[in-house]
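All residue numbers for the sequence shown refer to my numbering, where the first residue is 273 and numbers rise by one. Remarks on the structure that follows.
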Amino acid sequence: MRTLLLGCLIGASWAQITFDKTEHDFGEIVEGPPAVHTFTFRNVGDKPVKLTSVKASCGCTTPSWTQEEVPPGGQGMVQASYDTKGRPGAFVKTITVQHSASETPLVLTLKGTVKPNPNAQTDKYTEVDGLLGWATRRQTFGVVKSNETPTVTFEVKNIGQQPVELLELVEAKPMFQATFSPKVLAPGQEGKVIIKLDGKAARAAGWKHQSGFYEILRIRTTDPGGPEKQVVVNGSFEIVYSPEELARAPKAVFPVTEFDGGEVLEGQTVEYRFKLRNEGKGDLVIESVKASCGCTAVEPTEKVLKPGQETEIIARFDSRGRTGFQHKTITVETNDPLNSRAILHLKANVVSAGGFGVGSYAPTN
């Protein structure tokens, strides 16, 4: 039996986030550049909050968001980019945000009206870098699945008086590849930089299901005005599991995910052992264990459970100096494809000791 010890002071806590606003109206915008808005939020509770899922209502809108936990009083963001190219007219798009503070999702809204750009061909290459003009240097992939290889295209023009060769991506991650058409741009010539994202390679590199990505790609050229150019791509990633993978996948099962210790005397140490069992066909990997109180978690020496094996996560809190209702959470992340994140709840109502002795309370489960 492998055991994970988790000790911390548990205080009365709650979690909540508030956005500065949940709707943004761009008004009238010109077709071409992406319409980008950043929604900011603040953690107004007293325990960390993490955004667990951010999804746009369509592929033409791409979100990116704060990936780390936001501490109490801290700020985070959800940025949404709407691709206006080829989409004249009014639009209303939504982004659904799920977070660890509540099971109820929040919905953010973008709206506006895209007007056709009458000068699209004459003022197209407005982002100038050396001898190259770019229509835009930011593109969104939208939702990328692990069994897909989508592309985005950057339009570029040689606005100088000498040829410029597009050579290669510089130290790019293995899931990104670039094609240049043509490779050598004559003075005044237009071209394309096509970036391909290999979903299979992204999964092999460890990209997580329903995660966001934001990448700055560097392109080496022969431009004497600055040989290295940068473009930005972003989007979100989803893993597509085959029936065969699911059939042989691990399965994390917590028979009990919530323990209420009831009434305890101030000063008592309350302990509960949460059992974790692998009821799947593959090895279950315990990737992380985090407590909302911010205390130190002692990771198990072995983090892999074979099919049929189980372990315990021991949660403890010392109620000294605490009174009233106490509630803490422990987040356990595993490689279970259908249930990668489990949240365990530990509760108690601490009453004043009133001169009584203190001790420990550890129920048998």
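Positions of the beta carbon are idealized from the N, C-alpha and C atoms, including for glycine. Note that the structure is predicted; figures quoted are calculated from it, not measured.
Three-state secondary structure assigned by DSSP to residue i
i	result
tyrosine 397	coil
leucine 518	helix
glycine 484	strand
proline 335	strand
aspartate 297	strand
proline 527	coil
serine 560	strand
leucine 382	strand
aspartate 495	coil
glutamine 433	coil
serine 329	coil
tyrosine 354	strand
tyrosine 544	strand
glutamate 375	strand
isoleucine 638	This structure cannot speak to residue 638, because the chain is shown only from 273 to 637.
arginine 549	strand
valine 316	coil
leucine 403	coil
glycine 414	strand
threonine 290	strand
threonine 366	strand
glycine 346	coil
threonine 583	strand
arginine 359	coil
leucine 277	Residue confidence is low: leucine 277 scores 38 on pLDDT, short of 50, so the model does not pin down where it sits. Its coordinate-derived value is still stated next. Leucine 277: strand per DSSP, three-state reduction.
asparagine 506	strand
glutamate 303	coil
aspartate 555	coil
arginine 490	strand
threonine 421	coil
glycine 533	strand
threonine 408	coil
Buried versus exposed call for residue i [16 or more other C-beta atoms within 10 Å across all chains shown]
i	result
alanine 407	buried
lysine 293	exposed
leucine 518	exposed
aspartate 532	exposed
aspartate 297	exposed
alanine 524	buried
alanine 362	exposed
lysine 455	exposed
glycine 348	buried
lysine 464	exposed
threonine 423	exposed
isoleucine 367	buried
alanine 458	exposed
phenylalanine 311	buried
glutamine 598	buried
tyrosine 227	The structure shown does not extend to residue 227, since the chain is modelled only from 273 to 637, so the question has no answer here.
leucine 315	The residue you asked about is not leucine; residue 315 is asparagine in the sequence shown. So asparagine 315 ends up on the buried side.
valine 604	buried
threonine 398	exposed
proline 446	exposed
alanine 284	Low confidence applies to alanine 284: its pLDDT is 42, below 50, so where it sits in the model is not reliable, and the reading given next is rough at best. By the neighbour-count rule (16 or more Cβ atoms within 10 Å), alanine 284 is not buried but exposed.
arginine 588	buried
threonine 568	Only weak support exists for where threonine 568 lies, its pLDDT of 41 falling under 50; the coordinates are left without a value.
proline 515	exposed
asparagine 419	exposed
proline 522	buried
proline 335	buried
lysine 429	buried
Inter-residue CB distance, residue i and residue j (contact presumed, cutoff 8 Å)
i	j	result
threonine 541	aspartate 590	5 Å
valine 557	lysine 578	11 Å between Cβ atoms; not a contact.
glutamate 543	histidine 617	About 15 Å separates the two Cβ atoms, so there is no contact after all.
serine 564	lysine 319	4 Å
glycine 580	asparagine 611	Rounded, the Cβ-Cβ distance is 17 Å, inconsistent with contact.
valine 528	phenylalanine 546	6 Å
threonine 601	isoleucine 615	5 Å
glycine 484	tryptophan 337	6 Å
phenylalanine 426	valine 503	6 Å
valine 364	leucine 378	At roughly 17 Å, the Cβ-Cβ gap does not stay under 8 Å, so valine 364 and leucine 378 are not in contact.
isoleucine 491	leucine 438	6 Å
asparagine 621	glycine 554	About 41 Å; that fails the 8 Å criterion.
leucine 548	threonine 494	Going by Cβ atoms, the distance from leucine 548 to threonine 494 rounds to 57 Å, so no, they are not a contact pair.
leucine 295	threonine 381	Before going further, note that residue 295 is glutamate rather than leucine in the sequence given. Right, their Cβ atoms sit about 4 Å apart.
Chain C contact for residue i (CB, 8 Å cutoff)
i	result
glycine 552	Protein chains in the displayed structure number just one, and chain C is not present.
Going residue by residue through the stretch 439-482, where are the continuous alpha helix (DSSP H) segments of at least 4 residues, counting only ones entirely within it? 471-476
Please list the segments of the beta strand (DSSP E) lying wholly inside the stretch 589-631, counting only runs of 3 or more residues, in order along the chain. 596-606 and 613-623
When you compare the stretch 479-487 with the stretch 377-388, are there three or more beta-carbon pairs, one atom per stretch, that lie closer than 8 Å? no
Cβ contact check for the stretch 508-516 and the stretch 444-452: 3 or more pairs under 8 Å: Fewer than three Cβ pairs drawn from the stretch 508-516 and the stretch 444-452 lie within less than 8 Å of each other, which leaves the two stretches out of contact.
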